[in-house]
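Colleague: Numbering-wise (UniProt numbering), the sequence shown opens with residue 1 and increments by one. We put the CB at the ideal spot given by N, CA and C, even for glycine. Quick one: structure below, then a few questions.
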Amino acid sequence: SDLQSYLKSKTNTYNWAGSEYSNKLMGSLTTVRKDTALTKFQPAVDLLEDIILCEKVVVFAHHRALLLNLTEHFGERAVCIMGGMDRDARSDAVHRFQREEDVRVFIGSIRTAGLGLTLTAASRVVFLELDWSPGVMAQAEDRCHRVGQVDSVRVQYYVFKDTIDEWIAKSLLY
């Protein structure tokens, strides 16, 4: 991750990056991020159920557990792209989302589905988790900002107050 790279780049200054302490810190941050993401599941489902009454939506998250839970909840109304899927499965998911009216939700891993796809069937993007890199976030947003998009694209960041989300969101601004 970018934070781990940053910590490693500071090894000469702080002499603790890559140490047992920094490994424990990274493990703790990962656990807190995952727990925060899973806490969002039901409120996110409520939000997304309201959105899909009127329009299709692209949803990005980082943790596989959240992606799988969302995919299971929405069933045939959703497609999902995450790491480990072959090219044909990814292509089929994009095709179904773009072409089938009943497929209302595109669920994607920020890093896997956030690059190189055209998702102009939706004009709403919801990030349930944030990436550490503003460039990765911008690339994911741009999946709906493509040739063929006829509507304004609305992007929402689902950030819980007083959580690691808020800290990551603030770090993305600077």
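So, with DSSP's three-state summary, where would you put Q156?
Modeller: Three-state DSSP puts Q156 in a strand.
Colleague: Identify every residue that forms a DSSP beta bridge with G108.
Modeller: Paired residue(s): F60 and I81.
Colleague: Here's the rule I'm using: 16 or more other beta-carbon atoms within 10 Å means buried, otherwise exposed. How should T120 be labelled?
Modeller: Buried, since its Cβ has 16 or more Cβ neighbours within 10 Å.
Colleague: For the beta strand (DSSP E) containing R124, name the first residue and the last one.
Modeller: Element bounds for R124: R124 to F127.
Colleague: For E76, which of A113, H62, I107 and V136 has the nearest alpha-carbon?
Modeller: Measuring from the Cα of E76, the nearest candidate turns out to be I107.
Colleague: Closest to V94 by CA distance: which of H73, A122, L67 and L68 is it?
Modeller: It is A122.
Colleague: To the nearest angstrom, how far is it from the Cα of V79 to the Cα of R143?
Modeller: Their backbone Cα atoms lie some 15 Å apart in a straight line.
Colleague: According to DSSP, is A140 helix, strand or coil?
Modeller: In this structure, A140 counts as helix in the three-state DSSP scheme.
Colleague: Sorted by chain position, which residues of the same chain lie with C-beta nearer than 6 Å to P134's C-beta, five sequence neighbours on each side aside?
Modeller: Here the set comprises L172.
Colleague: Can you tell me the Cβ-Cβ gap for G114 and Q139, rounded? I've got them flagged as a contact below 8 Å.
Modeller: Contact flag correct, Cβ pair sits at about 5 Å.
Colleague: Use the C-beta contact count for A37: other C-beta atoms within 10 angstroms, 16 or more gives buried, fewer gives exposed.
Modeller: With 16 or more Cβ atoms within 10 Å of its Cβ, A37 is classed as buried.
Colleague: Determine, using beta-carbon pairs with one atom in the region 26-34 and one in the region 49-61, whether at least three such pairs fall under 8 Å.
Modeller: Contact fails: fewer than three Cβ-Cβ distances are below 8 Å.
Colleague: By how many angstroms is the C-alpha of K170 removed from the C-alpha of D162?
Modeller: Distance between the alpha carbons of D162 and K170 is about 12 Å.
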